[in-house]
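Student:
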Amino acid sequence: GFPKTIVPILYDKKSEINGKVFSLLSYNGSIKLSTSISSGNLTFLVTIKTVYVKRTWLPIMDRNIEILVESPEPPFSLKNLTLKISVDNFAPYEIVDVISPDGKHLVRPEIQEKYPPQAIGFDLKHVSLSFKYGLKIGKYKILFRMVDRKLPNAFIICEENFFNDTVAPRSEKAFSVKDKNGLQHLGYIVIVYSLVPEYMNSYGNVYINATLMDYVHLEHKTITVGSITYLIPPIEFEFWTKAFVVFGSWFKIKNDYKYPINVLYIPVSFKEAGKWTPQGLEVEINDLDLKGYLFAYIVVQLPAYGHIREIVTPNGEILSIYKNSKLSWGGVKRSLSVLDDEAYIQVKYNNISDPGLYTVNISWDPLYIKTVDSKDRVLSNVELRVEGIDTIFLTNESGWGILKVYKPGIINITATYKGKTVQELQIKTLISHQIVLRCKVYDLKVTVQTMLNQGLSDAEVTLIDKDTGEVFETAITDKNGETIFIQIPHGEYEVQGSYKRISNSMKVNMDDNKEILLKLNIVLIIPFFNTPLTLEETAGISLAFTSILLATKFMRKRKIEDYDEEDIEN
């Protein structure tokens, strides 16, 4: 650790155990130290590590992804390279296996034990591969399985009492426990160890079988025991231990040694906890939640758009700078770590607990959505609703809406325009924070004509919503008999056209930009009076006019004939 005379001044996180600082972390590359000595220089040895991160998003196709691992460019080498794969907690996938370029199934215990425990790491949602320990470059294939159970992003981890058992020589034994009420079983912490006189040590191994396991620790020691003089000459003992994290409801241990081995295991369960808010997360802990457990922790794991700032305990203590630390707490040491994307804090240690309200303050990256219509024109005043969030977000004159998504999970967005749903968007993994949302909003061009195919100006066109029966919009035709309804949300409408006392209507399904022709029963319009005449009226007038002409012609002919007769008589 750091000398007591060194005081960290500028940093982001620190690892502190029993009041002693062991490491400092800076996200911007600047760390400032001070010293409490009054004069002179202080010399001490430090190790500085700089981490460069490259993030890539890959879609899961056919329940797998493939990643080509190549040697990094100088000055880096494979010893500096670590590959990490993560899938969101709420995604319906769990990691099954990782296949190396040479065909090895890295999830298998016998393969993991060929490498140091730090080389390969697994849990249900994450993989870590360190190429410092001999892993080969090439194409790695990560296999997933679909699951119904979704891992929450905030939960309470409960660890029961330790269980001790033994596995006889040349035999195997299976281990499992029953689920606790209200909790889901997650897995086990498993320690396998042995201490025997040196003469009993022989070739052999211990194998563990489970749905998914991570080999996390290996230690071998030779212990020498004897008196301070040669009264009792020294005797040597061989001690070894292996530690695993097992995921699933069971595990099995096979002992190939000629002597029994010891097994120490702790069942681990969890339950979802907390309420998500725009400010972060609130978790209420009571003693009933912790009853019957040895250790308990609040755990938060966020998607990429959430950033943990701090944890506030029930007594108001603000914890933000600690990474993998242990702090004094009621005579014991409380474990906690607060990183950008995940955090944990211990709320119970044996008989010591700290119930109450815990607040995790989180900064959420905003999601910018621009709404456009079917012609990619700006669509303003669109209501954007996110499932599970009560707030309604409204797009501005430029079509942009700013959404604050503060509930981790699949993001379901509904866009409503003028009372109608015009688009629905589902974001399974939020990659881009600027999204253009094309809505089902269209233009409708209406041409009103007479029966003689002439455009009818000054006709009134009314758009009626079939769902509500209400008038949606009204317009007047131009000199060509045309009018355009701009940005109409999709749906069923009735288009009514009228001129004076004459009208007509037709139904239209707005599922695209459309042009329709609406004819009114008008043949001619009487000048000066602007009175329209229908086909029937025009036909009647024509018939009457024809009758008058015929009658006039007949009367005229009759008069001529009468005149001629008188003239003959004379």
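Quick note on my numbering: the sequence shown kicks off at 266 and runs consecutively.
By construction, the Cβ of each residue, glycine as well, lies at the ideal position given by its N, Cα and C atoms.
All figures in this text were calculated on a predicted structure; none of them were measured in a lab.
(1) By the 10 Å Cβ neighbour count, where 16 or more other Cβ atoms means buried, how is T712 classified, buried or exposed?
(2) Looking at the strands, I want to know which residues DSSP matches up with R500.
(3) Name the DSSP beta bridge partners of S336, please?
(4) Three or more C-beta pairs closer than 8 angstroms, one from the region 534-546 and one from the region 466-486: is that the case here?
(5) Is L709 near V773, with beta carbons less than 8 angstroms apart?
(6) Is Y587 near L644, with beta carbons less than 8 angstroms apart?
(7) Quick check on K397: does DSSP put it in helix, strand or coil?
(8) For L555, which residues from the same chain have a beta carbon less than 6 angstroms from its beta carbon, with the 5 sequence-adjacent residues on both sides left out?
(9) Do the region 624-643 and the region 697-708 make contact, defined as three or more Cβ pairs closer than 8 angstroms?
(10) Can you say whether F427 is buried or exposed, counting buried as having 16 or more other CB atoms within 10 angstroms of its CB?
(11) According to the neighbour-count rule (16 or more other Cβ atoms, all chains shown, within 10 Å of its Cβ), is N591 buried or exposed?
(12) How many whole angstroms separate the CB atoms of T715 and V726, which I take to be in contact at a CB cut-off of 8 angstroms?
(13) Is the region 347-363 close to the region 408-421, with three or more CB pairs under 8 angstroms?
(14) Three-state secondary structure (DSSP) at L604?
(15) Would you give the residue range spanned by the alpha helix (DSSP H) that I376 belongs to?
(16) Quick check on H698 - is its C-beta less than 8 angstroms from some C-beta in chain C?
(17) Cα separation between K269 and L307?
(18) Taking the C-alpha atoms as reference points, what is the distance between E735 and L553?
(19) Based on the DSSP output, what are the partners of V286 in its beta bridges?
(20) What does the alpha-carbon distance come out to for the pair Q688 and L668?
(21) Can you tell me the Cα-Cα spacing of L348 and G266, whole angstroms?
(22) Return yes when the Cβ of S534 is within less than 8 angstroms of the Cβ of C423, no when it is not.
(23) Contact check, W505 vs E537 under 8 angstroms by CB: the rounded distance?
Tutor: In this structure, then:
(1) buried
(2) Before going further, note that residue 500 is Ile rather than Arg in the sequence given. Looking at the DSSP assignment, I500 forms a beta bridge with V490.
(3) Per DSSP, none; premise fails for S336.
(4) Judged by pairs of C-beta atoms under 8 angstroms, the region 534-546 does not touch the region 466-486, as fewer than three such pairs exist.
(5) yes
(6) no
(7) If DSSP states are grouped into helix, strand and coil, K397 belongs with the helices.
(8) Taking C-beta separations shorter than 6 angstroms and ignoring five residues to either side along the sequence, the partners of L555 in its chain run A561, K613, S618, following chain order.
(9) yes
(10) exposed
(11) Reading the sequence as shown, one finds Lys at residue 591 and not Asn. With a threshold of 16 other beta carbon atoms within 10 Å, K591 meets it and is buried.
(12) Rounded, the Cβ-Cβ distance is 15 angstroms, inconsistent with contact.
(13) yes
(14) Taken through DSSP and simplified to helix, strand or coil, L604 comes out as coil.
(15) 374-377
(16) The chain labelled as chain C is not found in the depicted structure, where only one protein chain is given.
(17) 11 angstroms
(18) Roughly 56 angstroms between the two C-alpha positions.
(19) E281
(20) 16 angstroms
(21) 28 angstroms
(22) Their beta carbons are under 8 angstroms apart, which means C423 touches S534 by this criterion.
(23) That pair is no contact at about 39 angstroms.
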